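**Student:**
Here you go:
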């Protein structure tokens, strides 16, 4: 799932747990992706590119047992819950952190090809909907998810337009007929993980900004129409 949609999921969690800090939720929904970036840069997990890279279908997440297996996601979520709920004594925050971390793997299973292990190293079949094998269809589904979250949030039109624009930043990864920076990974595949890392940070900051902008506009409307 696109980094923007993972970040938007944090806004949905914020709606149902207003007391939980947004920064905590934003980090939780992208925690295992941040782990993935670190493990790919260090060579512990492996991503393989086709000789020609035109879209997401040419990117193969070949080995990611510690970041994107179901069992390790549950472990990361349990550790997040333990840290927040027990050590920092914020049980409600801890629950939302647990849900946020788990939401990532759920959304990835809904979009990835079969590259997610349930329990790694056992040789079990990998799971995934296969959507990233047909990137244009994946883009449609991801846009629908953004609109769904926007509807849940009862956001203003500006938020919806902004989310659509942010989705289009990655358009060339979804439409093979369009050429973008993905061709760089043919010669420098080692750049993929750092670029994804930048994309994660950009997505979190952009969605966080949209949230605060939305809150400010709502406050102004309340002041005008008490």
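Residue numbers (this note's numbering): 0 to 225.
Beta carbons are placed, not taken as given, at the ideal position from N, Cα and C, and that holds for glycine.
Quick caveat: nothing in here was measured; it's all calculated off a predicted structure.
Taking one C-beta from the stretch 17 to 34 and one from the stretch 138 to 155 each time, how about it: are there three or more such pairs within less than 8 Å?
**Tutor:** Contact fails: fewer than three Cβ-Cβ distances are below 8 Å.
**Student:** Can you give the Cα-Cα distance for residue 64 and residue 85, rounded to whole angstroms?
**Tutor:** Rounded to whole angstroms, residue 64 to residue 85 spans 27 Å at the Cα level.
**Student:** Based on the DSSP secondary-structure assignment, which residues constitute the bridge partners of residue 47?
**Tutor:** Its beta-bridge partners are 59.
**Student:** Name the DSSP bridge partner or partners of residue 126?
**Tutor:** 115, per the DSSP bridge assignment.
**Student:** Which whole-angstrom value describes the C-beta separation of residue 192 and residue 39, a residue pair presumed to lie in contact below a C-beta threshold of 8 Å?
**Tutor:** Yes, residue 192 and residue 39 are in contact; Cβ-Cβ is about 4 Å, under 8 Å.
**Student:** Please classify residue 150 as buried or exposed, where buried requires at least 16 other C-beta atoms within 10 Å of its C-beta.
**Tutor:** That one is exposed.
**Student:** Where does residue 153 sit, in a helix, a strand or coil, going by DSSP?
**Tutor:** Coil at residue 153, not helix or strand.
**Student:** Classify residue 89 as helix, strand or coil using the three-state DSSP reduction.
**Tutor:** DSSP places residue 89 in coil when its eight states are reduced to three.
**Student:** Cα separation between residue 226 and residue 108?
**Tutor:** Residue numbering for the chain in the displayed model covers 0 to 225; residue 226 lies beyond these limits and cannot be assessed.
**Student:** If you follow the alpha helix (DSSP H) that residue 67 is part of, which residue opens it and which one closes it?
**Tutor:** Start and end: 64 to 67.
**Student:** If I'm right that residue 98 touches residue 12 with Cβ under 8 Å, what's the distance once you round it to whole angstroms?
**Tutor:** Correct: roughly 6 Å between the Cβ atoms.
**Student:** Between which two residues does the alpha helix (DSSP H) containing residue 6 stretch?
**Tutor:** Segment 2 to 15, the alpha helix (DSSP H) holding residue 6.
**Student:** Buried or exposed for residue 120, please, with buried defined as at least 16 other CB atoms from any protein chain shown within 10 angstroms of its CB.
**Tutor:** Residue 120 comes out exposed.
**Student:** Let me know the alpha helix (DSSP H) ranges lying completely inside the stretch 18 to 44, each 4 residues or longer, listed in chain order.
**Tutor:** DSSP runs (the alpha helix (DSSP H)) wholly in the stretch 18 to 44: 21 to 40.
**Student:** Tell me, to the nearest whole angstrom, how far the beta carbon of residue 158 is from that of residue 209; I am working on the premise that it is less than 8 Å.
**Tutor:** The Cβ separation is near 6 Å, so the contact holds.
**Student:** What are the boundary residues of the alpha helix (DSSP H) that includes residue 181?
**Tutor:** Looking at the DSSP string, residue 181 is not in any alpha helix (DSSP H), and its letter there is neither H nor E.
**Student:** Is there contact between the stretch 17 to 27 and the stretch 195 to 208, where contact requires at least three CB pairs shorter than 8 Å?
**Tutor:** Yes, since at least three Cβ pairs between the stretch 17 to 27 and the stretch 195 to 208 fall closer than 8 Å, the two stretches touch.
**Student:** CB-CB under 6 Å to residue 93, same chain, minus the five flanking residues each way: which ones, in chain order?
**Tutor:** For residue 93, where only same-chain residues beyond five positions count, the Cβ hits under 6 Å are 80, 83, 84.
**Student:** Considering just the uninterrupted stretch of the alpha helix (DSSP H) at residue 173, what are its terminal residues?
**Tutor:** 170 to 173 is the extent of the alpha helix (DSSP H) around residue 173.
**Student:** Counting only C-beta atoms, is residue 49 closer than 8 Å to chain B at any point?
**Tutor:** Given the protein chain composition of this structure (a single chain), no chain B is represented.
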